[in-house]
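A short worksheet on the structure shown next.
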Amino acid sequence: MRLGFIGAGNMGGAIIKGLIKSGKISAENINVVEKNTALLEGFTKEQGICPCKDYEELIKNSDIVFMAVKPVVFPSVIEDIKGYIRAERPLLISMAAGITTESIGEMLGFDTPIVRMMPNINAEILMSATALCKNAAASDSDLDTAEDILRAIGMTARIDENMFAVFSAIAGCSPAYVYLFIDSLAKGAQKMGMNKKQALEIAAAAVSGSAAMFSRSDAHPWELIDKVCSPGGTTIEGVCTLEEYKFQSAIVKAVENSVLKDRALNKK
Ligand SMILES: NC(=O)c1ccc[n+]([C@@H]2O[C@H](COP(=O)([O-])OP(=O)(O)OC[C@H]3O[C@@H](n4cnc5c(N)ncnc54)[C@H](OP(=O)(O)O)[C@@H]3O)[C@@H](O)[C@H]2O)c1
């Protein structure tokens, strides 16, 4: 299978590196058109990918074309490539935030298989949570193929397209919430006399260990919480304090408001 990337910046680049590292696709089967020539030269030298002179060469030589440019330039790139897409019919995979498969179809002006994906920033360390869905013209096997490729950068989740805003809140925005939580843990430790730098390292290890423990178990979060809380002990004291200060309600509200903001922004 030959892949084409239009854009190899933060996200396109992370996927390319993930694919090569995982051994799923060899570098000579990865075609790239990238406006930033320094970036493209780096990728060509370090990763051994194939730079293409233009969109036509890329699309003619790719079974799957990833659109990895910013949403603001997305429509003009679609305008430039639509003739080649119509002629070659590759599977088009878009990662553009806020651009639906329906609007991509409208930009193209014809029906063609499209998969929409939404990675998160942890793709950089191959630990993305990536959502995906397809339009009506794409087959189940197109979606299977896309999902198989995207597993190279982390976990994947097939969701309805109308859930993309919700997905973005819990996977795209949540890294910021988690950083805030880590900083708050360390701040508490600092208040109680620990060096902040060391406290941050400890808090980050505790958070990533707890996430891994949850992912590997079949238990409900509250079963794990109960396991850590000895009767009359320190943890239950802290858990009750978090409840008193409405920790869970604050997070539920943050997710809700992130989704509403996403929907408001994408209506414009
Ligand atoms: N970064 C994330 O965490 C994240 C998360 C979810 C989704 N996404 C989506 O991923 C897509 C890419 O975002 P990004 O963060 O990777 O952006 P980025 O780092 O700016 O990468 C885009 C790259 O494409 C290049 N480019 C611009 N116009 C081009 C064109 N016409 N032909 C070929 N290359 C072109 C840019 O070059 P110049 O810089 O020279 O313009 C840049 O190197 C966006 O649609 C975004 O919504 C990103």
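If you're matching positions, the sequence shown starts at 3 in my numbering and goes up one per residue. All residues carry an ideal CB built from backbone N, CA and C; glycine is no exception.
Contact under 8 Å by Cβ, residue i with residue j
i, j, result
"glycine 20", "leucine 182", "no"
"alanine 70", "isoleucine 51", "no"
"isoleucine 106", "phenylalanine 68", "no"
"valine 35", "phenylalanine 45", "no"
"leucine 5", "isoleucine 66", "yes"
"alanine 10", "leucine 60", "no"
"tyrosine 57", "isoleucine 83", "yes"
"threonine 2", "asparagine 137", "Residue numbering for the chain in the displayed model covers 3 to 270; residue 2 lies beyond these limits and cannot be assessed."
"alanine 191", "alanine 201", "yes"
"leucine 97", "methionine 13", "The sequence shown places methionine at residue 97, rather than the leucine named in the question. Going by C-beta atoms, methionine 97 is nearer than 8 Å to methionine 13."
"glutamine 49", "isoleucine 22", "yes"
"leucine 226", "aspartate 144", "no"
"glycine 174", "asparagine 122", "yes"
Expected contact under 8 Å - CB spacing of residue i and residue j to nearest Å
i, j, result
"cysteine 135", "arginine 153", "In fact, because the Cβ distance is near 16 Å, the residues do not count as touching under 8 Å."
"tyrosine 179", "alanine 125", "No, tyrosine 179 and alanine 125 are not in contact; Cβ-Cβ is about 18 Å, not under 8 Å."
"lysine 62", "glutamate 90", "6 Å"
"valine 209", "isoleucine 172", "Incorrect: roughly 16 Å between the Cβ atoms, too far for contact."
"alanine 280", "proline 115", "The requested residue 280 is not part of the displayed model; the chain covers only 3 to 270."
"isoleucine 155", "serine 130", "5 Å"
"alanine 133", "phenylalanine 76", "Not quite, the Cβ-Cβ distance comes to about 18 Å (not below 8 Å), so this is no contact."
"isoleucine 101", "proline 73", "6 Å"
"alanine 188", "lysine 198", "6 Å"
"methionine 196", "phenylalanine 166", "Their Cβ separation, rounded to whole angstroms, is 40 Å, which puts methionine 196 and phenylalanine 166 out of contact at 8 Å."
"glutamate 163", "arginine 118", "7 Å"
For residue i, the three-state DSSP class (helix, strand or coil)
i, result
"glycine 20", "helix"
"glycine 14", "helix"
"glycine 6", "strand"
"isoleucine 27", "coil"
"asparagine 268", "helix"
Every unbroken beta strand (DSSP E) inside the segment 43-127 [3 residues or more] = 66-69, 93-96, 116-120
Runs of beta strand (DSSP E) lying entirely within the segment 123-189, each at least 3 residues, in chain order | 130-136, 156-160
If you scan the segment 188-263 from start to end, which runs of the beta strand (DSSP E) of 3 or more residues do you find wholly inside it?
-> none
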